[in-house]
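Protein chains in written order, with this note's numbering: chain A, 2 to 288; chain B, 141 to 378. Step one of this worksheet: look at the structure below.
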Amino acid sequence: MNPQLLVNGLVNAALIAPPAIAFSLLFGVLRFPNFAIGGYITVGAFVAYAANVELGAPLWIAALIAMAATALLVWLSDEIVFKPMRGQPPVTLLVVSIALTLILEQVVRPIYGADVRGFAIPLQRPFKFWGIRITEEQIEIIALTILIAALTHALLQYTRIGKAMRATADNAMLAEVRGIDTGRVIMFTWAFCGALFGLTGVLAGLDLVIEPLLGWNLTIPIFAAAILGGIGSPYGAMAGALMVGMAEELTVLVLPSSYKVGVGFAIIAVLLLVRPRGLFGQPEIKK
Amino acid sequence: MAQALLQVEEVYAGYGRGDIIHGVSLAARVGEIATIIGPNGAGKSTAIKAIAGLVRPRQGSIRIGGEEIGGLAASEVARRGVGFVPQEANVFRQLTVRENLEMGAWIDREHFEERLERVHRLFPVLHERARARAGNLSGGQRQMVAFGMALMVEPRVLLLDEPSAGLSPALVAQMFETIQAVNEGGIAVLMVEQNATQALKISQRGYVMAAGRVAMEGAARALLDSAEVSELYLGGRR
Ligand SMILES: Nc1ncnc2c1ncn2[C@@H]1O[C@H](COP(=O)(O)OP(=O)(O)OP(=O)(O)O)[C@@H](O)[C@H]1O
Ligand SMILES: [Mg+2]
Numbered sequence: 002m003n004p005q006l007l008v009n010g011l012v013n014a015a016l017i018a019p020p021a022i023a024f025s026l027l028f029g030v031l032r033f034p035n036f037a038i039g040g041y042i043t044v045g046a047f048v049a050y051a052a053n054v055e056l057g058a059p060l061w062i063a064a065l066i067a068m069a070a071t072a073l074l075v076w077l078s079d080e081i082v083f084k085p086m087r088g089q090p091p092v093t094l095l096v097v098s099i100a101l102t103l104i105l106e107q108v109v110r111p112i113y114g115a116d117v118r119g120f121a122i123p124l125q126r127p128f129k130f131w132g133i134r135i136t137e138e139q140i141e142i143i144a145l146t147i148l149i150a151a152l153t154h155a156l157l158q159y160t161r162i163g164k165a166m167r168a169t170a171d172n173a174m175l176a177e178v179r180g181i182d183t184g185r186v187i188m189f190t191w192a193f194c195g196a197l198f199g200l201t202g203v204l205a206g207l208d209l210v211i212e213p214l215l216g217w218n219l220t221i222p223i224f225a226a227a228i229l230g231g232i233g234s235p236y237g238a239m240a241g242a243l244m245v246g247m248a249e250e251l252t253v254l255v256l257p258s259s260y261k262v263g264v265g266f267a268i269i270a271v272l273l274l275v276r277p278r279g280l281f282g283q284p285e286i287k288k
Numbered sequence: 141m142a143q144a145l146l147q148v149e150e151v152y153a154g155y156g157r158g159d160i161i162h163g164v165s166l167a168a169r170v171g172e173i174a175t176i177i178g179p180n181g182a183g184k185s186t187a188i189k190a191i192a193g194l195v196r197p198r199q200g201s202i203r204i205g206g207e208e209i210g211g212l213a214a215s216e217v218a219r220r221g222v223g224f225v226p227q228e229a230n231v232f233r234q235l236t237v238r239e240n241l242e243m244g245a246w247i248d249r250e251h252f253e254e255r256l257e258r259v260h261r262l263f264p265v266l267h268e269r270a271r272a273r274a275g276n277l278s279g280g281q282r283q284m285v286a287f288g289m290a291l292m293v294e295p296r297v298l299l300l301d302e303p304s305a306g307l308s309p310a311l312v313a314q315m316f317e318t319i320q321a322v323n324e325g326g327i328a329v330l331m332v333e334q335n336a337t338q339a340l341k342i343s344q345r346g347y348v349m350a351a352g353r354v355a356m357e358g359a360a361r362a363l364l365d366s367a368e369v370s371e372l373y374l375g376g377r378r
């Protein structure tokens, strides 16, 4: 087998993993699949583009600005859109989130048009090891994603707010009873996940091109990774991202590369078939 | 008579449309155990959830130590010294036993180690299974986790919704002994129980709820001796 495909798959997985973790965390505390992630990611990419290309900030500063901006945007989207709708059925919220992603995309489009853009970074020759090509950006993407996964793990396992996030996702009523202000936990979760979506916009912009559909194109693989890993489980999302990322690249062995986008859909369809209680069915409660 | 520590007066509450409880008054005094009994669907859990801040009272007053807590969020009620062990979904299933107990101490971590020791003394199995996920425990062990969590702070009032549910007869006796021990340590207890006879035996006051109202109340001893209560709720003569 061509080892180049494995490297490509790894980079692909590294792009999907942070937003899949964020998608899962959000689902954990809010109990609905938030498809506005596409819009958040796109906005993140364009904020970084504006800071980097138009204002001339170094890319890492532009990335931090983008993360802060999306954290704010995502938090605002809760305050304005989702908070007033708490308690609505998940399907209603899902539809609202799709509408939100379309709106965010339409905000970006008139400003930047449909042109493809890239960050102001010098073009570099990819490294070559044993015939495998990998760019410096791709190595950075993989390293950053490993860092994000480790930090998220540490956050959830060892910090007070992280434990509160897990407790709230597990049983929000009981978390309140124990004195946890779940409203603040939810706010923190939105902002944390928002920053991850912003970062994803930057990383995707590095590896792909920056365009209004950037986030939307990543949405299905992210969603597939999150449900493959057992939705609401951030660790599962990491594993799911690896599987989806690899699967997407490896299909080119058997199918033309234009079928790559169908892989996420196929995974979702198969999961729907093998889990007839639905993607979000909670595991049976053991008595 | 001195005012009770927890004083519930004429509370009406329900879930959205319509009330489930209609003008319920209850009290828990310092040093006392009070027990609510009554048939399924009587509104016992609803009443206790209204005190805990999970159901918003539409009318009436709930005071602890004279301070009105009716309508406060559950997390605020907890911070005012009300510990609550719900009837259902009363542990964090994905968290370990140890993490559950940490969550119990959320609002007061100062005495964490000594309280953890106390809980381990009361329920040694929680020490042995500290790293197990609460969702993987037996029903009885989960009940101990739920109770243990409430003991990780020093509540003024402990609300227990069917603490003996799902326990084997031996464990039921142990649970009631534990409740008594906790009470003797100075915590007022208001509990709902299906094991009515045993619960009333360790209680000073008793309430019988039916159809969303307090149908009868009095000294626990008097309820135990009452032919009517015995007939309806205690399974005949004892
Ligand atoms: N979350 C809820 N939403 C709507 N109605 C509810 C809810 N919880 C309980 N009820 C209704 O309120 C009424 C009283 O329920 P409650 O749980 O207070 O009774 P209970 O006395 O605790 O009964 P049990 O002995 O079975 O625990 C019941 O008719 C029940 O169907
Ligand atoms: Mg009940």
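Even glycine gets a Cβ: it sits at the ideal position worked out from N, Cα and C.
When the options are compared against residue i, the one with the closest alpha-carbon
i, options, result
"A144/A", "L204/A, E106/A, D116/A and P235/A", "L204/A"
"L101/A", "R87/A, R110/A, V82/A and P91/A", "V82/A"
"L166/B", "N180/B, D159/B, L146/B and I177/B", "L146/B"
"E357/B", "L364/B, G346/B and A351/B", "G346/B"
"Q125/A", "D116/A, G202/A, L207/A and Q107/A", "L207/A"
"V369/B", "E207/B, D159/B, G178/B and A270/B", "G178/B"
"R361/B", "M292/B, S343/B, V348/B and G352/B", "S343/B"
"K184/B", "R273/B, S201/B, Y152/B and E172/B", "Y152/B"
"Q314/B", "E253/B, G280/B and D159/B", "G280/B"
"A51/A", "A121/A, I17/A and P85/A", "A121/A"
"A240/A", "T146/A, L31/A, L215/A and T169/A", "T146/A"
"I202/B", "A213/B, A190/B and R157/B", "A190/B"
"L235/A", "Y113/A, L11/A, L156/A and T71/A", "This sequence places Pro at residue 235/A; Leu is not what is there. Closest by alpha carbon: L156/A."
"T183/A", "W246/B, F316/B and E257/B", "W246/B"
In DSSP terms, what residue i is bridged to
i, result
"S201/B", "E149/B"
"K184/B", "DSSP lists no partner for K184/B."
"T190/A", "T190/A pairs with nothing; no bridge assigned."
"E208/B", "R203/B"
"F224/B", "L299/B"
"I133/A", "F130/A"
Distance cut-off 7 Å: residue i Cβ against heavy atoms of ligand 1
i, result
"K84/A", "no"
"S185/B", "yes"
"I160/B", "yes"
"L155/B", "The sequence given here has Tyr at residue 155/B, not Leu. Indeed, a heavy atom of ligand 1 lies less than 7 Å from the Cβ."
"N180/B", "yes"
Any non-hydrogen atom of ligand 2 within 7 Å of residue i CB
i, result
"Q234/B", "no"
"Q227/B", "yes"
"V186/A", "no"
"V164/B", "no"
"V108/A", "no"
"V297/B", "no"
"V348/B", "no"
"V332/B", "yes"
Spatial neighbours of residue i in its chain, beta-carbon cut-off 6 Å, leaving aside the 5 residues before and after
i, result
"S98/A", "N35, F36 and A37"
"P226/B", "D301"
"A181/A", "According to the sequence provided, residue 181/A is Ile. The question's Ala does not apply to it. Hits under 6 Å: A165."
"G237/A", "G230 and G231"
Alpha helix (DSSP H) segment containing residue i, residue limits
i, result
"H267/B", "P264 to E268"
"D301/B", "From DSSP, D301/B is part of no alpha helix (DSSP H) but of the beta strand (DSSP E) over V297 to D301."
"Y50/A", "I38 to Y50"
"Y347/B", "Careful: Y347/B lies outside any alpha helix (DSSP H), inside the beta strand (DSSP E) at R345 to A350."
"M247/A", "P235 to L251"
"S258/A", "Careful: S258/A lies outside any alpha helix (DSSP H) and carries neither H nor E."
"N240/B", "V237 to G244"
"D171/A", "R161 to D171"
Span of the beta strand (DSSP E), counted from its first residue to its last, around residue i
i, result
"E357/B", "R353 to A359"
"T175/B", "I173 to I177"
"F266/A", "No beta strand (DSSP E) contains F266/A, which is instead part of the alpha helix (DSSP H) from G263 to V275."
"G163/B", "I161 to A168"
"L330/B", "A328 to V332"
Same chain only: Cβ atoms within 7 Å of residue i, ignoring 5 sequence neighbours per side
i, result
"I135/A", "V8, P127 and F128"
"N335/B", "S304 and V312"
"M141/B", "Bear in mind that the predicted position of M141/B carries a pLDDT of just 47, short of 50, making it unreliable; the figure below should be weighed with that in mind. Counting only Cβ-Cβ distances below 7 Å, and skipping sequence neighbours, we find nothing."
"A23/A", "C194, L197 and F198"
"R169/B", "A144, L145 and A328"
"A115/A", "E212 and P213"
Cβ neighbours of residue i in the same chain (closer than 8 Å, five flanking residues each side left out)
i, result
"P20/A", "I38, I42, L197, F198, T201, L219 and I223"
"G288/B", "N240, L241, G244, V259, L262, F263 and L266"
"E285/A", "Only weak support is given to the placement of E285/A: the predicted model assigns it a pLDDT of 39, under 50, and the question is left unresolved by the model."
"V271/A", "none"
"L6/A", "E250, L251, V253 and L254"
"A170/A", "L26, G29, V30 and G233"
"V354/B", "V164, S165, L166, Y347 and V348"
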